[in-house]
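Quick note: the sequence shown uses the numbering used here, first residue 27, plus one each step.
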Amino acid sequence: MAATTKIAVHSLADLKNTTDDALPNYLHSLKFRQIHTQTDIRLAIGYAAVAVAGALFYLDWKFGWDVTKPYTAPAVIAYFILNSAFTYWLWFIEAGTVYEGEGKTGKLRVATSTKKHIPIYEVDVTFQPAPYKSNASQTIHIRAPFTQWFTSDGFFVAKPFQQWLASEVSIIGAADPNNVVEEIGRGSETEKVFNVSGTNAIDVLEQLKAGAKAGGSGRRRKA
């Protein structure tokens, strides 16, 4: 079904954010359980930094500069360290992670990104099929144009997005075999449909807007 919220098809951020939001919804429907460890650690670091700044402000307001002066430098150093740790964790540990979870078919971590002005959904998936003792962890990179699951007028269509994920990621396909489409092919559809580069990115964006003329404005353009 198409999403009820219409987005601006020329907004790369809207395209990515809407798709990112759909990903955990789909995995939850397959009985994957989301793991929040990374998010919890990031929040703990952030709250600790805020607590240090808030405590110093309160002490200064309550007791004055003379009393809080000896604590100011250590508090500033602690805040700087915590804020640096927060930034490092966000950019280098989470690194664009939008979902981490586990289901009956295995566990996975999904990080997404886009390149400037290029409407291609870039996804790094690290997964380990069950049983874990006999299967090693794997990392794959998959990518596809947003036109594959957005209509020309800006509505998200869940089915083709689910088919793409199920066809590309083995443990998702094992959990949802009805959505596996062999013709999609691992990681190759983007190159077959679009020769995406800086010179033709505008053309690809225009295709998002032009979309499915032959099939009507409400239908998905075939990639």
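For each residue, glycine too, the CB sits at the ideal point set by N, CA and C.
Everything numeric in this text was worked out from a predicted model, so none of it was measured.
| query | result |
| --- | --- |
| For A170: DSSP bridge partner residues | Y147 |
| Cα-Cα separation, P203 to F182 | 22 angstroms |
| Three or more C-beta pairs below 8 angstroms linking the region 192-208 and the region 115-124 | no |
| Residues near F58 in its chain [Cβ-Cβ closer than 7 angstroms; skip 5 each side] | G127, E128, G129 |
| Enclosing beta strand (DSSP E) for T45 [first to last residue] | Where T45 is concerned, there is no enclosing beta strand (DSSP E), although the alpha helix (DSSP H) it sits in stretches over 38-55. |
| Given H167 as reference, the closest of F176, F153, I103 once Cα atoms are compared | F153 |
| Opposing strand residues paired with Q64 [DSSP bridges] | Paired residues: none, contrary to the question. |
| Option nearest I119 by Cα separation, candidates D66, Y84, P155, F187 | D66 |
| C-beta atoms of I61 and F112 nearer than 9 angstroms | no |
| Contact under 9 angstroms by Cβ, T138 with L41 | no |
| The region 157-174 / the region 80-97 touching (three or more Cβ pairs under 8 angstroms) | no |
| Unbroken beta strand (DSSP E) run spanning V207, endpoints | No beta strand (DSSP E) contains V207, which DSSP labels as neither H nor E. |
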